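Visitor:
Residue numbers (the working numbering): 29 to 214.
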């Protein structure tokens with residue numbers, strides 16, 4: 029039995045950092061999925077929830093000359109919401125079958141080292157497996173995945189709060205992106 033997602037759709041604002049040229053293309057033609065093997069929540073269009081300044085900081089790091097931010101109204105329907113601990117038993121159970129499936133292929137399990145790299149290959153492979161092989165194989169659809177991402181430096185010694193922590197959403201169903209516009213941030 030798959031854990032039930034959020035009982036009714038949840039509307040949130042998502043902010044997508046990118047370059048100005050890419051942002052203009054997105055506004056004209058729509059979003060494309062990121063299919064990198066290191067995107068921590070797997071395949072999707074990534075947004076910072078309610079965090080325009082964090083989206084801008086990300087865009088400025090990556091595109092220092094032309095950072096841009098798109099604000100989108102998102103409807104989190106059929107959301108694998110990692111803020112809800114009800115998902116964790118399924119995730120723990122699925123991880124064992126994920127490891128077993130990898131061992132059968134003789135392909136090494138993806139590795140990651142968040143202290144040295146922002147690449148999250150293990151998480152990416154796992155969430156794509158969880159969605160495709162476990163949840164959707166039972167006839168369920170996952171429209172989005174949402175999770176807390178602890179990033180940056182502690183805001184003071186021994187704090188559990190990080191200066192770049194945020195909620196991140198990977199939209200897996202483009203119809204859940206209802207409105208988008210380019211915004212200015214200074």
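We put the beta carbon where it would ideally sit given N, CA and C, even for glycine. In this text, all values refer to a predicted model and were calculated from it rather than measured experimentally.
1) Beta-carbon within less than 7 Å of residue 210's beta-carbon, same chain only, minus the 5 sequence neighbours each way: which residues are those?
2) Less than 8 Å between the CB atoms is what I'm expecting for residue 137 and residue 150, so what's the real figure, rounded?
3) Quick one: what does DSSP say residue 167 is sitting in, helix, strand or coil?
4) Using the DSSP secondary-structure output, state which residues sit across from residue 79 in a beta bridge.
5) Which residues bound the alpha helix (DSSP H) around residue 55?
6) Which whole-angstrom value describes the C-beta separation of residue 58 and residue 195, a residue pair presumed to lie in contact below a C-beta threshold of 8 Å?
7) Could you work out which residue in 105, 192, 61 and 139 is closest to residue 154 when comparing CA atoms only?
8) List the endpoints of the continuous alpha helix (DSSP H) containing residue 25.
Guide: Taking the definition as stated:
1) The beta carbon of residue 210 sits closer than 7 Å to those of 51, 55, 96 and 98, all from its chain and outside the five residues before and after it, given in chain order.
2) Going by Cβ atoms, the distance from residue 137 to residue 150 rounds to 7 Å, so yes, they are a contact pair.
3) In the structure shown, residue 167 falls within a coil segment according to DSSP collapsed to helix, strand and coil.
4) None; residue 79 has no bridge partner.
5) Segment 48–57, the alpha helix (DSSP H) holding residue 55.
6) In fact, because the Cβ distance is near 23 Å, the residues do not count as touching under 8 Å.
7) Checking every option, the nearest Cα to that of residue 154 belongs to 139.
8) This structure cannot settle anything about residue 25, because the visible part of the chain is limited to 29 through 214.
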